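The opening residue of the sequence shown carries number 1011 in my numbering; numbering runs sequentially from there. Quick notes on the structure that follows.
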Amino acid sequence: MTGPNASGKGAVCAFLATRGFETFSLSDVIREEARRRGLPPEREHLIRLGTEMRATGGPGVLARGLLPRLGRRSVIDSIRNPAEVAVLRELPFFVLVGVRAPIRLRFERSVKRARPGDPRTLEEFEAREAQENSSDRAAQQLDATFALADRHLDNDGDLEQLHVRVLALLEDLGIAAPTRHR
């Protein structure tokens, strides 16, 4: 999954987890490193740490670390760099899905979830989003990554609408979506 902040990537992953998919997040790799270093889990710190990790380990370092754990029913949240996509495309079953939603709706969602360090105004939200589109190969390059998406999911409605769209996407891809009970 790729997409801008609060577009619904996590909601898609959570829904797919209820359908028998195993979920991973590249951001979790960064959060683990932040915990190891004693850094607070605020978005601003995580963005800088992710950039540092990509600068020292190469732009695909986060994805490379996940490769051994991934299978056909794996979903990865927070893909934000084209080099991560390149690494993941080594998997024969990889499909990049871009989740999108209008910026005002994403800002409202961000305010509701109230994560530490999240912007409190639309202007701050837009400025933070601009940081996610660097020309630095080691930094987040969200627009360039989103442009690589094989499929797109619009998340401009409620959760039920999103779930219907996810199931339609799975059907379109020819992927069975078992429940945990099967």
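All C-beta atoms, glycine included, are put in the ideal place defined by N, C-alpha and C. Treat the numbers as computed from the prediction; the structure is a model and nothing was measured.
Around the C-beta of residue i, are 16 or more other C-beta atoms found within 10 angstroms, so that it is buried, or is it exposed?
i, result
"D1166", "exposed"
"E1181", "exposed"
"E1136", "exposed"
"L1183", "exposed"
Taking DSSP as the reference, what is the three-state secondary structure of residue i?
i, result
"S1084", "strand"
"R1192", "For R1192, the pLDDT reaches just 40, beneath the cut-off of 50, and the residue's location in the model is therefore unreliable, leaving the point undetermined."
"Q1150", "coil"
"S1037", "helix"
"L1101", "coil"
Taking the C-alpha atoms as reference points, what is the distance between residue i and residue j?
i, j, result
"K1019", "E1133", "22 Å"
"A1157", "P1092", "9 Å"
"S1120", "R1099", "30 Å"
"H1055", "P1112", "25 Å"
"P1129", "R1138", "8 Å"
"R1058", "Q1141", "10 Å"
"E1170", "A1124", "22 Å"
"P1078", "T1028", "23 Å"
From which residue to which residue does the beta strand (DSSP E) around residue i run?
i, result
"G1108", "1107-1110"
Inspect the beta-carbon positions of residue i and residue j and report whether they are closer than 8 Å.
i, j, result
"A1159", "L1115", "no"
"R1074", "E1032", "no"
"D1164", "R1090", "no"
Which stretch, first to last residue, makes up the alpha helix (DSSP H) that contains residue i?
i, result
"L1180", "1169-1183"
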